[in-house]
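Asks: Structure below; questions to follow.
There are 2 protein chains.
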Amino acid sequence: MIRLDDRDIAILKVLSREGRLSKAELARRINLSPTPCWERLKRLEKAGVIEGYRAEVALRKTAPHVTVFVTLELENHSSAAFQAFERAVEAYPEIVQCWALGGGFDYLLQVVTRDVDSYQRLIDRLLDQGLGLARYYTYIVTKPVKTGHAPPFELLLGKGD
Amino acid sequence: MIRLDDRDIAILKVLSREGRLSKAELARRINLSPTPCWERLKRLEKAGVIEGYRAEVALRKTAPHVTVFVTLELENHSSAAFQAFERAVEAYPEIVQCWALGGGFDYLLQVVTRDVDSYQRLIDRLLDQGLGLARYYTYIVTKPVKTGHAPPFELLLGKGD
DNA sequence: CCGGGATCCTTCATTCTGACGGGTTTTCAA
DNA sequence: TTGAAAACCCGTCAGAATGAAGGATCCCGG
């Protein structure tokens with residue numbers, strides 16, 4: 001686990017909100033001259049702390065769609081079953097995120113599709129795939145209240161609690 | 001809702017994976033010369049289709065932390081209660097995402113904190129805030145299986161189904 | 001208390017990219 | 001066939017990226 005000082009944290013904080021800032025402007029923001037700032041950035045990228053840069057697309061402005069969360073359980077808690085399921089998840093672009101959970105369910109999925117119908121077809125395909133899905137619950141998102149926020153770097157990385 | 005052609009979609013697709021590509025390289029990727037490509041990009045940004053650019057930070061490489069999902073219900077389904085809750089959510093940086101749901105729960109939260117302890121303190125603070133929280137369930141993420149993926153632009157925007 | 005070295009910074013010079021504008025060519029549909 | 005929209009092809013200039021050379025600061029052992 002790489003050691004970060006306050007300036008590194010400042011870099012992460014700034015870029016997690018404005019990822020396309022020029023290096024010169026970034027340096028200005030964190031009160032540093034371009035060169036050391038650029039070296040720090042290179043270091044963070046090389047160490048894999050910054051995994052990449054993504055444009056955030058406002059789907060709502062371009063196409064009708066629904067976001068659905070799905071909790072589900074596998075019939076069989078063998079590592080083979082988990083692996084098979086996780087491999088299947090990778091293959092579906094509509095499954096935008098997936099987490100393995102402790103406490104009541106095995107997985108939580110976030111799915112984005114064109115409409116509820118295509119969501120249901122996706123689920124049907126998953127169920128028919130012989131992955132041993134025992135039970136699933138569907139929760140349609142009616143309103144994204146808060147999304148796309150960066151984790152609280154100061155709270156997590158800072159000295160205090 | 002803005003109309004996008006295949007080239008616009010290609011731009012979104014590329015930038016949602018490599019948000020810091022230079023304009024020249026972007027143009028090459030989508031088989032267009034720099035100028036029209038740049039004009040399209042400007043149009044997409046101005047229209048708000050591209051909301052911003054974010055660096056993706058691998059928290060796991062920098063600090064111990066836990067991700068927790070929380071489903072919760074409000075006692076009182078009045079719009080005032082919802083508004084109060086949503087305002088409270090905005091104020092907590094540890095609450096990274098929040099969605100209003102149909103089907104069984106009112107809200108789903110994604111929370112990132114240093115450890116389970118500070119998660120519990122966060123929840124306690126929320127509960128003590130007089131927001132009328134009726135019930136909540138905690139699901140700790142044991143493994144991020146698939147994260148940070150762009151939505152399936154072709155499926156959502158394409159002609160076919 | 002002081003010198004040496006490591007670390008991190010600043011400044012500066014060079015090269016490259018971005019952000020346009022202007023004019024020409026291509027495409028496509030009426 | 002013809003006209004409008006879109007793409008292309010420069011050219012220009014400011015600002016950005018990158019690298020080299022040198023200065024401040026801090027830590028440690030003597």
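Residue numbers (full-length UniProt numbering), protein chains in the order written: chain A, 1 to 161; chain B, 1 to 161.
In this text, a Cβ means the ideal position worked out from N, Cα and C, and glycines have one as well.
1. Taking only beta-carbon positions, decide if Pro152 (chain A) is within less than 9 Å of chain B.
2. Please compile the residues from chain B whose C-beta is within a distance smaller than 8 Å of the C-beta of Ile140 (chain A).
3. Let me know the secondary structure DSSP gives Phe85 (chain A) once reduced to three states.
4. What are the boundary residues of the alpha helix (DSSP H) that Phe153 (chain A) is part of?
5. What is the rounded straight-line gap between the Cα of Asp6 (chain A) and the Cα of Arg29 (chain A)?
6. Looking at C-beta atoms only, is the number of pairs between the segment 120–140 of chain B and the segment 27–47 of chain A that lie closer than 8 Å three or more?
7. Taking 9 Å as the cut-off, decide whether the C-beta atoms of Ile95 (chain B) and Gln110 (chain B) are in contact.
8. For Tyr107 (chain A) and chain B, any beta-carbon pair shorter than 9 Å?
9. Would you be able to state if there are at least three C-beta pairs under 8 Å between the segment 42–58 of chain A and the segment 8–18 of chain A?
10. Residues in the same chain with beta-carbon distance under 6 Å from Thr71 (chain B), minus the five sequence neighbours each way, listed in chain order, please.
11. Return the CA-CA distance between Pro36 (chain B) and Ala88 (chain A), expressed in angstroms with no decimal places.
12. Would Val112 (chain A) and Thr147 (chain A) qualify as a contact pair, given that the criterion is a beta-carbon distance under 9 Å?
13. In terms of DSSP beta bridges, what is Pro144 (chain B) paired with?
14. As a quick exercise: from A:Gly103, A:Leu133, A:Thr142, pick the residue whose alpha carbon is nearest that of Tyr139 (chain B).
15. Against chain B, with Cβ distances strictly below 9 Å, would Asp161 (chain A) count as a contact?
16. Could you check whether the Cβ of Cys98 (chain A) sits closer than 9 Å to any Cβ belonging to chain B?
17. Taking the alpha helix (DSSP H) that Leu108 (chain B) falls in, what are its first and last residues?
18. Please report how far the alpha carbon of Arg135 (chain A) lies from the alpha carbon of Leu4 (chain A), in whole angstroms.
19. By the three-class DSSP mapping on this structure, what secondary structure does Val68 (chain A) have?
20. Give me the chain A residues within the contact set of Ala58 (chain B), using Cβ-Cβ distance strictly less than 7 Å, ordered along the chain.
21. Exposed or buried, what is Val116 (chain A) when buried is set at 16 or more other beta-carbons lying within 10 Å of its beta-carbon?
22. Relative to the C-alpha of Ser16 (chain B), which residue among A:Ala58, A:Leu122, A:Ile50, A:Tyr119 is closest?
Replies: From the atom records:
1. Within the first sequence, the letter at position 152 stands for residue 152 (chain A). Yes, its Cβ sits closer than 9 Å to a Cβ of chain B.
2. What you label residue 140 (chain A) is simply residue 140 of the first sequence in a count that begins at 1. Simply Leu101, Gly102, Gly103.
3. Taking the first sequence and counting its residues from 1, the one referred to as residue 85 (chain A) is at position 85. Three-state result, Phe85 (chain A): helix.
4. On the first sequence, position 153 is the one that residue 153 (chain A) refers to. Note, Phe153 (chain A): alpha helix (DSSP H), 153–157.
5. As a first step, residue 6 (chain A) must be located in the first sequence, where it is residue number 6. As a first step, residue 29 (chain A) must be located in the first sequence, where it is residue number 29. Cα to Cα, Asp6 (chain A) sits roughly 13 Å from Arg29 (chain A).
6. no
7. Locating residue 95 (chain B) in the second sequence gives position 95, counting from the first residue. Locating residue 110 (chain B) in the second sequence gives position 110, counting from the first residue. The Cβ atoms of Ile95 (chain B) and Gln110 (chain B) sit closer than 9 Å to each other.
8. If you number the first sequence from 1, residue 107 (chain A) lands on position 107. Interface residue, yes.
9. yes
10. For the purposes of this step, residue 71 (chain B) is identified with residue 71 of the second sequence, where counting begins at 1. Result list for Thr71 (chain B): Phe105, Leu108, Tyr137, in chain order.
11. Translated into positions along the second sequence, residue 36 (chain B) becomes position 36. Translated into positions along the first sequence, residue 88 (chain A) becomes position 88. When rounded, the distance between both Cα atoms is 39 Å.
12. Walking along the first sequence from the start, residue 112 (chain A) turns up at place 112. Walking along the first sequence from the start, residue 147 (chain A) turns up at place 147. Result no, Cβ atoms of Val112 (chain A) and Thr147 (chain A) do not sit closer than 9 Å.
13. The residue labelled residue 144 (chain B) in the question sits at position 144 within the second sequence. In DSSP, Pro144 (chain B) forms a bridge with A:Trp99.
14. As a first step, residue 139 (chain B) is located in the second sequence; it is residue number 139 there, counting from the start. Minimum Cα distance to Tyr139 (chain B) is reached at A:Gly103.
15. In the first sequence, the residue the question calls residue 161 (chain A) occupies position 161. In this prediction, Asp161 (chain A) has a pLDDT of 41, which is less than 50 and means its spatial position is unreliable; nothing more can be read from the coordinates.
16. Your numbering for residue 98 (chain A) matches position 98 in the first sequence. For Cys98 (chain A), the answer is yes, since a Cβ of chain B falls inside 9 Å of its Cβ.
17. Looking up residue 108 (chain B) in the second sequence gives position 108. Looking at the DSSP string, Leu108 (chain B) is not in any alpha helix (DSSP H); the run it does join, the beta strand (DSSP E), is 107–113.
18. In the first sequence, counting from the first residue as 1, residue 135 (chain A) sits at position 135. In the first sequence, counting from the first residue as 1, residue 4 (chain A) sits at position 4. If I take the Cα positions, the gap works out to 43 Å.
19. Indexing the first sequence from 1 puts residue 68 (chain A) at position 68. Three-state result, Val68 (chain A): strand.
20. Along the second sequence, read from residue 1 onward, the residue named residue 58 (chain B) stands at position 58. Gly48, Val49, Glu51, listed in chain order.
21. Taking the first sequence and counting its residues from 1, the one referred to as residue 116 (chain A) is at position 116. It counts as exposed.
22. Locating residue 16 (chain B) in the second sequence gives position 16, counting from the first residue. Comparing Cα positions, the closest option is A:Ala58.
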